[in-house]
């Protein structure tokens with residue numbers, strides 16, 4: 015991947031990639047793997063981008079697909095080998111207690127709800143979220159309200 019492509023096409027949207035990868039990982043090591051794989055796949059698929067959506071939407075879709083795929087692979091591996099990790103193994107990006115609680119709550123959501131709330135937190139309009147997810151904007155509005163209520167319950171109970 016060229017440095018120019020990373021600086022001009024990925025770095026301006028790194029926040030999207032970081033938030034999605036963070037929502038699907040529990041450790042700094044996994045986060046870094048997911049982030050690198052997402053950047054690599056964005057670079058590999060750059061010629062397939064047809065300007066039918068915004069570049070940020072394209073990045074979101076690729077990153078979400080990478081995270082879902084890698085999460086499933088990690089779950090399969092975890093079923094074969096028991097994995098132990100300590101909370102102290104987190105870096106500075108994982109030290110904000112309130113942010114960690116939010117991500118822990120988001121991780122309790124279904125994969126679809128997790129994708130929707132991450133797009134919502136990125137301040138994407140319901141219409142764009144609907145286009146990415148493949149449903150109507152009205153449906154997204156209803157789902158976001160339900161997700162917020164579910165997150166509130168999880169956060170009020172400090173997540174279990």
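In the numbering used here, the protein residues as written are 15 to 174. C-beta atoms are modelled at their ideal positions from N, C-alpha and C, and glycine is treated no differently.
Report the rounded CA-to-CA distance for residue 125 versus residue 25, giving the unit in angstroms.
25 Å
Helix, strand or coil at residue 63 [DSSP, three-state]:
coil
Could you tell me which uninterrupted alpha helix (DSSP H) segments, each at least 4 residues in length, are contained entirely in the segment 125-151, listed from first to last along the chain?
125-135 and 140-147
With distances taken from CA atoms, which of 152, 30, 161 and 20 is nearest residue 54?
20
Does the Cβ of residue 160 have 16 or more other Cβ atoms within 10 Å, making it buried, or fewer, making it exposed?
exposed
Going by beta carbon distance, what residues of the same chain come within less than 6 Å of residue 38, once the five residues before and after it are set aside?
81 and 85
With DSSP collapsed to three states, give me the class of residue 18.
helix
Residue range of the alpha helix (DSSP H) that includes residue 44
42-58
Among 152, 71, 127 and 72, which residue has its Cα nearest to the Cα of residue 162?
127
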